[in-house]
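**Student:** Dumping the structure here so I can ask a few things about it.
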Amino acid sequence: MNGVLGMADLLLDTPLQPDQRDMAEAIRSSGDALVTIINEILDLSKIESGRLELEETEFTPTGIAGECVRLLTPRAQKKGLTLAVDIGDGGSRHLRGDAGRFRQVLLNLLGNAIKFTEQGHVTLRLSCGDDGSLVAQVADTGMGMTADQLSRLFQPYAQAEASIARRFGGTGLGLTISRRICQAMGGEVTAESELGRGSVFTATFRFRRSLAAPTASASATAVTVLRGTVLVADDSEINRRIARAMCQRLGLRVVEAADGVECLDAVARGGVDLILMDGSMPRLDGYEATTALRSEELATSRSRIPVIGLTANALTGERERCLALGMDSFLAKPFAFVDLAAELARWLPAAEPQHAADT
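Heads up: the sequence shown begins at 346 in my numbering, then just goes up one per residue.
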């Protein structure tokens with residue numbers, strides 16, 4: 346999937362005829378849909394095996410809600426729907442908890458509401474208590490459900506009826522996953538609906554109040570041009586081409602290695618400022634190469650080179666494994682250009698602006 350989505354992104358960044366752009370966008374959207382299905386199945390697997398791990402960061406509910414609405418507004422507008430946000434008491438408070446999972450639940454609920462609403466509006470209402478409890482309510486003017494359909498709504502792979510599954514697609518896992526995530530956070534997801542009049546989904550969360558203001562995420566920062574040399578270590582030529590093109594868009598110089606041995610040889614030649622390290626490679630894999638690199642740096646007092654792990658293994662514990670072996674960060678494949686750009690901007694300096702020569 347990294348190859349399909351990465352190449353589609355690169356293709357869309359080139360001059361295309363309108364029909365060619367339509368086809369490339371269809372490839373990208375179909376790939377996104379497949380990744381969503383894969384991620385939902387993986388998420389459910391983690392939850393059912395008790396391996397869902399929650400992270401803690403500072404955030405504001407309004408900030409996350411704004412991101413979700415901006416992302417989904419084009420989809421709503423394409424259907425002629427109004428997507429609105431109503432911020433109630435405490436919506437701007439600083440909270441501490443898993444912002445990523447909170448975002449995932451909001452995107453699931455809002456995405457479902459837009460999918461099943463043909464006309465009218467979808468509204469997100471947020472309110473936060475003094476203790477950090479948070480209520481997110483998504484109301485729509487969609488098709489609604491019968492009492493029998495509502496009773497089966499949160500069962501895995503369940504959709505209201507077969508004709509809906511054929512018409513709208515999806516796995517039927519989104520609501521199940523959202524409910525389990527909320528339950529893991531001490532909350533719940535409930536639903537009310539009336540056939541032909543729409544539905545209201547209410548998600549509750551229990552976060553902690555935070556006195557610190559959330560730090561701006563690197564992805565929210567516009568990345569223009571960076572400075573440095575990136576070593577891309579991956580046994581897949583397609584993956585290397587994608588990473589190389591993304592890095593070059595940021596103004597970076599790129600060298601390549603097809604396995605861990607070539608990676609260490611390239612480092613020994615000097616001039617490498619950062620490594621994008623695939624986990625699974627022949628001869629010497631990325632984990633072994635990172636361990637060897639850190640040992641060499643320690644023995645020779647050489648400056649530490651940042652290593653960003655790249656792996657298709659998105660299961661719980663993979664990130665921790667990468668960090669424990671000496672990697673500095675982690676990206677799960679497939680990743681988007683903005684995700685890679687944000688990571689690289691954490692470790693590499695911005696290029697100095699070019700000034701016109703004095704006359």
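Idealized CB from N, CA, C, for every residue including glycine.
By the three-class DSSP mapping on this structure, what secondary structure does MET352 have?
**Tutor:** Helix, per DSSP.
**Student:** Check the DSSP bridge columns for LEU619 and list the partner residues they point to.
**Tutor:** Per DSSP, VAL575.
**Student:** Could you give the DSSP three-state label for ASP485: helix, strand or coil?
**Tutor:** Strand.
**Student:** Are LEU469 and ALA410 touching if we call contact CB-CB under 8 Å?
**Tutor:** Yes, the pair counts as a contact, with Cβ atoms nearer than the cut-off.
**Student:** Which of helix, strand or coil does DSSP assign to GLY519?
**Tutor:** Three-state result, GLY519: helix.
**Student:** How far does the alpha helix (DSSP H) with LEU455 in it reach, from first residue to last?
**Tutor:** Note, LEU455: alpha helix (DSSP H), 444 to 460.
**Student:** Can you find the residues in the same chain that come closer than 6 Å, C-beta to C-beta, to ILE583, ignoring five residues on each side of it along the sequence?
**Tutor:** Excluding positions up to five away in sequence, the list reads GLY348.
**Student:** Among GLN593, ARG691, ARG446 and GLN464, whose alpha-carbon lies nearest the alpha-carbon of SER523?
**Tutor:** It is ARG446.
**Student:** If I'm right that LEU387 touches ARG554 with Cβ under 8 Å, what's the distance once you round it to whole angstroms?
**Tutor:** Going by Cβ atoms, the distance from LEU387 to ARG554 rounds to 32 Å, so no, they are not a contact pair.
**Student:** Drop a sphere of 10 angstroms on the beta-carbon of SER538, count the other beta-carbons inside from all chains shown, and report buried for 16 or more, exposed for fewer.
**Tutor:** Looking at its Cβ environment, which holds 16 or more other Cβ atoms inside 10 Å, SER538 is buried.
**Student:** What did DSSP end up calling THR405 once you bin it into helix, strand or coil?
**Tutor:** Coil.
**Student:** What separation, rounded to the nearest whole angstrom, lies between the Cα atoms of ASP476 and ARG551?
**Tutor:** Near 8 Å, if we compare the C-alpha coordinates of ARG551 and ASP476.
**Student:** Please determine, among MET591, GLN500, MET622 and VAL617, the residue with the shortest C-alpha to C-alpha distance to ASP290.
**Tutor:** Residue numbering for the chain in the displayed model covers 346 to 704; residue 290 lies beyond these limits and cannot be assessed.
**Student:** Using alpha carbons as the reference points, say which of ARG572, GLN482 and ARG525 lies closest to PHE546.
**Tutor:** Taking only the C-alpha atoms, the option nearest PHE546 is GLN482.
**Student:** To test your reading of the DSSP string, which unbroken beta strand (DSSP E) runs of 3 or more residues are found completely within the segment 577 to 619?
**Tutor:** You should have 598 to 602.
**Student:** Taking GLY654 as the reference, which of GLY532, ARG598, SER625 and LEU643 has the closest Cα?
**Tutor:** The candidate whose alpha carbon is nearest that of GLY654 is SER625.
**Student:** Where does VAL617 land, buried or exposed, given buried means 16+ other C-beta within 10 angstroms?
**Tutor:** Under this definition VAL617 is a buried residue.
**Student:** From ARG511 to LEU379, what distance separates their C-alpha atoms?
**Tutor:** At ARG511 the pLDDT is 42, less than 50, meaning the model places this residue with poor confidence; the figure from the coordinates comes in the next sentence. ARG511 and LEU379: Cα-Cα distance of roughly 16 Å.
**Student:** Using DSSP with H/G/I as helix, E/B as strand and the rest coil, what is SER648?
**Tutor:** In this structure, SER648 counts as coil in the three-state DSSP scheme.
**Student:** Kindly give me the distance between the Cβ atoms of GLY573 and LEU619, rounded to whole angstroms, as I take these residues to be in contact under 8 Å.
**Tutor:** Their Cβ separation, rounded to whole angstroms, is 6 Å, which keeps GLY573 and LEU619 in contact under 8 Å.
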